[in-house]
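Working notes, structure below.
2 protein chains.
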Amino acid sequence: MSIYDVTGIGNAIVDVLAPCEDQFLIDYKIEKGSMTLIDEARAKELYAAQKNATEVSGGSAANTMAGIASFGGKGAYIGLVANDQLGDIFAHDLQSLDLIFNTPRYIGGQETARSFIFITPDGERSMNTFLGACTELSVEHVDAILISNSKVTYMEGYLFDKDPAKAAYYKASEIARDAGKEVALTLSDSFCVNRHKADFLDLVENHVDILFGNEPELCALFDTDNIDDAFKMAADKCKVVVSTRGANGAMIALNGDQTKVSPVDGVTVKDLTGAGDQFAAGFLYGYTQGFDMTKCGELAAKAAAEVIAHIGPRPQIDYKDFV
Amino acid sequence: MSIYDVTGIGNAIVDVLAPCEDQFLIDYKIEKGSMTLIDEARAKELYAAQKNATEVSGGSAANTMAGIASFGGKGAYIGLVANDQLGDIFAHDLQSLDLIFNTPRYIGGQETARSFIFITPDGERSMNTFLGACTELSVEHVDAILISNSKVTYMEGYLFDKDPAKAAYYKASEIARDAGKEVALTLSDSFCVNRHKADFLDLVENHVDILFGNEPELCALFDTDNIDDAFKMAADKCKVVVSTRGANGAMIALNGDQTKVSPVDGVTVKDLTGAGDQFAAGFLYGYTQGFDMTKCGELAAKAAAEVIAHIGPRPQIDYKDFV
């Protein structure tokens, strides 16, 4: 028996989103479409230049949990925020969705993490993350009761950017497997994959049941330019592989059997922030309800289509209507 | 000579916006389409019930200043935030637009003001404002240098909800008039008009050059159901009257001469928050540049059309392109 469908673990971040022109990314040497970790000085520089900003709770796994809750799924989240107003906002935005979020607040010199996200006219988002309190996420925060009572524990590749959080990943994975539950990983970002390739290959081989990755991420992981080859290699190692392909939809492999997912037509892309996160939400909701892969893919595509049509990485409507 | 086009004075508020169904407003006894002042207990109750929220700097006059800056106008803002993260966000969102905002932070027990705004499927917004630090706004914050160097000083009717802020209004008005500058007032809200009708009638008679009001506000002020009568009475008393009429556009009177403003066609309304504020921004930018009333009305309508097509009360694009 599982009380929860999914427990997510990740960097607990408040997003600071604003539109910009492509020239801005060039002027400020921002890597387009990627997530770059930044220090406090860089955070100040970028924020000073950011006009017309909106604040909204973010963090990849937390966004996915918000999506799962919007579908009606039950879940929990583990992540570290400071005891400040942004931490209050982050906590509220999970708890108001009836998600369990009881990681004790970080008390120290660092503020709640922020990601300064710039959205170019093509809808692509370029993320600049100041980890703040997240740098202190460690094994002590891994709640064994939540994890052992969840069908799936879902974690971000981003956790590998800090050693204490990486240790938390392994501990959570072990608890889940020992309880007979499954572990899901999103590769997060192709630069993140390149930073931690050996670790990620070991994870995929030994510690992951359900793998999420887009085309650049899977290709980076398996050192190939051919997404079909990368997908096949991943499917040989993991029970489930969900390979998102932007406007081309997605491919799912379950025990090697492939299912094609069509994208939702007619969406005007406003902001790609959260696209992968909500795709994962739709898939994981369906998967934990026992739906077939076609239905899981359909829910995933609909959630992703909703989130890219507005600014911000979380649902603005009730995903229950998609089911 | 004026250094600034407009100085705005108002309640400095961070908006917490979320969609909801009409039934939610009924369940929580929220006055639809209006601004209600709430205490801390009510703020906690409403926030706990608010799902999928977005934070963005708000405050009626501050929204207007952000719009004027987006058009390329020069301006300043006077308002009170606490020395907290939300205060930092509020200050950033003005200063990053090159607006002057140097009101000293409030240091005391209260946090930066928040307005919990619920957006129903028709796009109407219902605001529940916890004034926090704003309750301390007073004559000591009225910066005579900014006001006497601004072509127009623009103030919210909402200031009359607290006596110290009301005193600040009169002081600012006196400084502006003594410097040979103009004073603009927005009536803010029909409930606000009803709360302060005698004061507002005195203002319109003696302390206002440019009056902004929508249909319910002007009708409430002059105790009539006929907007044409109310508009005529206002135009008899103020040099300029700008009467917004929702989907029917607006009417402007300048020294009694009327100009009709057509609405922008084909807008899908997502969130009416900031519609009046950005209409005022477009008008005041045009007015302070010396444009004719037709052009002022056109800029106003375009700014309002932009802001109601997305969630949040401030521009998400550059209004310079409208000029």
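Protein chains in written order, with our numbering: chain U, 1 to 323; chain S, 324 to 646. Quick reminder that beta carbons are idealized off the backbone N, C-alpha and C, glycines included. Model, not experiment: these values are computed from the prediction.
Taking Cβ positions only, does S:V379 come closer than 7 angstroms to chain U?
Locating residue 379 of chain S in the second sequence gives position 56, counting from the first residue. Judged by the 7 angstroms Cβ criterion, S:V379 is in contact with chain U.
Worksheet item: Going by Cα to Cα distance, which pick from S:L409, S:I423, S:D466, S:P427 is closest to S:L403?
Response: Along the second sequence, read from residue 1 onward, the residue named residue 403 of chain S stands at position 80. Selected option, being the one with the closest Cα: S:P427.
Inside the stretch 278-320 of chain U only - alpha helix (DSSP H) runs reaching at least 4 residues: 293-308
Subject >> Near-chain U residues of the stretch 354-378 of chain S (beta-carbon distance less than 8 angstroms), N- to C-terminal order >> reply: Y370, A371, A372, Q373, K374, N375, A376, T377, E378
**Asked** In chain U, which residues lie with their C-beta within 7 angstroms of the C-beta of S:H415?
**Response** Residue mapping note: residue 415 of chain S aligns to position 92 of the second sequence, counting from 1. Per Cβ cutoff of 7 angstroms: Y47.
- Under a CB-based cut-off of 7 angstroms, is U:Q85 close to chain S? In the first sequence, residue 85 of chain U corresponds to position 85, counting from 1. By this cut-off, U:Q85 is an interface position.
How would you label U:M1, buried or exposed, when you count the other beta carbons within 10 angstroms and need 16 or more for buried? As a first step, residue 1 of chain U must be located in the first sequence, where it is residue number 1. So U:M1 ends up on the exposed side.
S:A491 and S:V462 closer than 7 angstroms at C-beta: Indexing the second sequence from 1 puts residue 491 of chain S at position 168. Indexing the second sequence from 1 puts residue 462 of chain S at position 139. Yes, the Cβ-Cβ distance between S:A491 and S:V462 is below 7 angstroms.
inquiry  = Just to make sure I have the definition right: I need the residues of chain S whose C-beta is within less than 9 angstroms of the C-beta of U:G282. Which are they?
reply    = For the purposes of this step, residue 282 of chain U is taken as residue 282 along the first sequence, with counting starting at 1. Under the 9 angstroms cutoff, chain S gives no residues; its nearest Cβ is about 16 angstroms from U:G282.
query: Taking the C-alpha atoms as reference points, what is the distance between U:A172 and S:D338?
result: As a working mapping, residue 172 of chain U is identified with position 172 in the first sequence. As a working mapping, residue 338 of chain S is identified with position 15 in the second sequence. When rounded, the distance between both Cα atoms is 37 angstroms.
(Q) For a quick check, are the C-beta atoms of U:T186 and U:E215 less than 7 angstroms apart? (A) Residue 186 of chain U sits at position 186 when you count from the first residue of the first sequence. Residue 215 of chain U sits at position 215 when you count from the first residue of the first sequence. Result no, Cβ atoms of U:T186 and U:E215 do not sit closer than 7 angstroms.
key: Residue from U:L201, U:N206, U:E55 with nearest C-alpha to U:C219   = Counted from its first residue, the first sequence places residue 219 of chain U at position 219. Here the closest residue by C-alpha is U:L201.
request  = With a cut-off of 8 angstroms on the beta carbons, I'd call S:N472 and S:Y327 a contact; round off their distance for me.
outcome  = Taking the second sequence and counting its residues from 1, the one referred to as residue 472 of chain S is at position 149. Taking the second sequence and counting its residues from 1, the one referred to as residue 327 of chain S is at position 4. With a Cβ gap of about 6 angstroms, S:N472 and S:Y327 count as contacting.
**Prompt:** Which parts of the stretch 549-576 of chain S are runs of the beta strand (DSSP E), unbroken and 3 residues or longer, counting only runs that do not cross its ends?
**Reply:** 563-567
If you drop the 5 nearest sequence neighbours on each side, which residues of the same chain put their C-beta closer than 7 angstroms to that of S:T611?
Your numbering for residue 611 of chain S matches position 288 in the second sequence. Counting only Cβ-Cβ distances below 7 angstroms, and skipping sequence neighbours, we find D328, V329, G396, K474, V475.
*asked:* So the candidates are S:Y351, S:P638, S:H633; which of them puts its Cα closest to the Cα of S:D445?
replied: One-based indexing of the second sequence puts residue 445 of chain S at position 122. Nearest option by C-alpha distance: S:H633.
**Study point:** Close Cβ partners of U:I13 (< 6 angstroms) along its chain, the five nearest in sequence each way excluded
**Key:** In the first sequence, counting from the first residue as 1, residue 13 of chain U sits at position 13. G58, G59, A113, S115.
So, are the CB atoms of U:A275 and U:P263 less than 7 angstroms apart? The residue given as residue 275 of chain U occupies position 275 in the first sequence. The residue given as residue 263 of chain U occupies position 263 in the first sequence. Their beta carbons are not under 7 angstroms apart, which means U:A275 does not touch U:P263 by this criterion.
Who are the Cβ neighbours of U:L94 in its own chain at under 6 angstroms, not counting the five residues just before and after it?
Numbered from 1 along the first sequence, position 94 holds the residue referred to as residue 94 of chain U. Excluding residues within five positions, the ones whose Cβ falls inside 6 angstroms are Y77, F101.
(request) Could you have a look at S:G410 and say whether DSSP puts it in helix, strand or coil? (result) Taking the first residue of the second sequence as 1, we reach residue 410 of chain S at position 87. Correct three-state label for S:G410: helix.
Bridge partners of U:A18, per DSSP? Residue 18 of chain U sits at position 18 when you count from the first residue of the first sequence. According to DSSP, U:A18 bridges with U:F118.
DSSP beta-bridge partners for S:A399?
Looking up residue 399 of chain S in the second sequence gives position 76. S:A399 pairs with S:T330, S:I423.
- Query: Are S:A558 and S:G579 close, meaning C-beta to C-beta below 7 angstroms?
  - Reply: The count along the second sequence starts at 1 and reaches residue 558 of chain S at position 235. The count along the second sequence starts at 1 and reaches residue 579 of chain S at position 256. Yes, Cβ-Cβ distance for S:A558 and S:G579 is below 7 angstroms.
Please state whether DSSP places S:G536 in a helix, a strand or coil.
Taking the first residue of the second sequence as 1, we reach residue 536 of chain S at position 213. Strand.
In chain U, which residues lie less than 7 angstroms from S:R637 when you measure between Cβ atoms? Locating residue 637 of chain S in the second sequence gives position 314, counting from the first residue. Residues of chain U passing the Cβ test: N52.
| request: Quick one: list the residues of chain S neighbouring U:I317, beta-carbon separation under 9 angstroms, in chain order. | output: Numbered from 1 along the first sequence, position 317 holds the residue referred to as residue 317 of chain U. Per Cβ cutoff of 9 angstroms: P342, N375.
*asked:* Looking at the strands, I want to know which residues DSSP matches up with S:F453.
replied: By one-based count along the second sequence, residue 453 of chain S stands at place 130. In DSSP, S:F453 forms a bridge with S:R437.
Problem - Extent of the continuous beta strand (DSSP E) to which S:V590 belongs - result: The residue labelled residue 590 of chain S in the question sits at position 267 within the second sequence. S:V590 -> no beta strand (DSSP E), and no H or E assigned at all.
Go ahead and pull the three-state DSSP assignment for U:M1. Sequence index remark: in the first sequence, residue 1 of chain U carries index 1 (1-based). In the structure shown, U:M1 sits in coil (DSSP, three-state: anything other than H, G, I, E or B).
* To do: Would you list, in chain order, the members of the stretch 418-429 of chain S that have their beta-carbon closer than 7 angstroms to a beta-carbon of chain U?
  => S419, L420
Would S:I442 pass as a contact of S:P342 if the rule is Cβ separation under 7 angstroms? Here residue 442 of chain S corresponds to residue number 119 of the second sequence, with the count starting at 1. Here residue 342 of chain S corresponds to residue number 19 of the second sequence, with the count starting at 1. Taking 7 angstroms as the Cβ cut-off, S:I442 and S:P342 qualify as a contacting pair.
Taking the Cβ atom as the reference point for each residue, do U:L99 and U:G75 lie within a distance shorter than 7 angstroms? Residue mapping note: residue 99 of chain U aligns to position 99 of the first sequence, counting from 1. Residue mapping note: residue 75 of chain U aligns to position 75 of the first sequence, counting from 1. Contact flag set, yes.
Between the beta-carbon of U:G109 and the beta-carbon of U:T64, is there less than 7 angstroms?
Along the first sequence, one-based indexing puts residue 109 of chain U at 109. Along the first sequence, one-based indexing puts residue 64 of chain U at 64. Contact flag unset, no.
*With DSSP as the reference, please indicate the residues paired to S:I336 in a beta bridge.*
Taking the second sequence and counting its residues from 1, the one referred to as residue 336 of chain S is at position 13. DSSP output for S:I336 lists S:A436 as bridge partner(s).
| request: Measure how close the beta-carbons of S:L534 and S:V564 come, nearest whole angstrom, since I'm counting them as under 8 angstroms. | output: Counting from one through the second sequence, the residue named residue 534 of chain S turns up at place 211. Counting from one through the second sequence, the residue named residue 564 of chain S turns up at place 241. Their Cβ separation, rounded to whole angstroms, is 5 angstroms, which keeps S:L534 and S:V564 in contact under 8 angstroms.
Exercise for review: Spatial neighbours of S:T591 within its chain, please: CB distance less than 7 angstroms, with the 5 preceding and 5 following residues excluded, ordered by chain position.
Suggested key: Numbered from 1 along the second sequence, position 268 holds the residue referred to as residue 591 of chain S. The residues are A632.
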